[in-house]
Every structure is written in structure tokens, then in C-alpha cells.
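Before any comments, here is the structure.
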């Protein structure tokens with residue numbers, strides 16, 4: 001589980017991408033990104049999540065998003081990335097989807 005906090009934007013996107021690369025280097029194949037403490041995502045943040053998905057192999061089941069706030073959920077819907085990512089309302093739902 002990767003718990004992000006604060007805005008996911010140009011300032012923090014590279015750190016998020018590096019986190020995904022480090023996890024893959026450690027042999028991790030599935031990640032849940034907990035977004036409940038992320039009030040804002042911009043295009044750079046969205047690109048970081050897409051990069052993470054690609055880094056983990058490109059399958060939506062490899063990178064699941066959990067508990068996005070309303071701005072993030074709207075962004076995913078408007079950009080149709082809600083069809084790219086597996087998005088869960090809660091962290092628990094995301095965890096249950098792995099079992």
C-alpha cells in the first residue's frame with residue numbers, strides 16, 4: 001500500500017514515480033495507492049499514476065486506487081481514466097479485491 005498525502009502535482013509527481021520504480025525493483029507486482037489524504041491531483045499527478053501503472057506491467061489490477069477525494073474522482077471521470085484504473089471507494093475494498 002502506497003499512502004500518498006498532499007497535492008499530487010508537478011512538485012510531487014517525480015517522487016511518486018520513483019516510489020513505483022523502487023517497489024518494482026523490490027519485486028512488488030501489485031500496489032494499492034491510498035488517495036484519501038490527496039485533496040488535489042493535476043495533470044502531472046495523473047501522469048505519475050499512469051507511469052506507475054505502466055511500471056507495474058500495465059494491467060489495471062496491478063495498480064489500484066483507493067479512497068479518492070471528490071476532485072480526484074471527478075478528474076478520473078472527466079479524463080476517462082476511471083476506465084483505465086481500478087478505483088475503489090475505500091482502502092478496505094481495494095484490499096479485498098486482491099484476495
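In my numbering, the protein residues as written are 1 to 99. Ideal Cβ positions, reconstructed from N, Cα and C, are used throughout, including at glycine. Everything numeric in this text was worked out from a predicted model, so none of it was measured.
- If you check the CB distance, residue 46 and residue 68 do not come in under 8 Å.
- In this structure, DSSP gives residue 3 an extended state, which the three-state scheme calls strand.
- Measuring C-alpha to C-alpha distances from residue 75 to each of 7, 96, 11 and 41 identifies 41 as the nearest.
- Runs of the beta strand (DSSP E) lying entirely within the stretch 21 to 47, each at least 3 residues long, are 31 to 37 in chain order.
- Residue 20 places its beta carbon less than 8 Å from that of residue 52.
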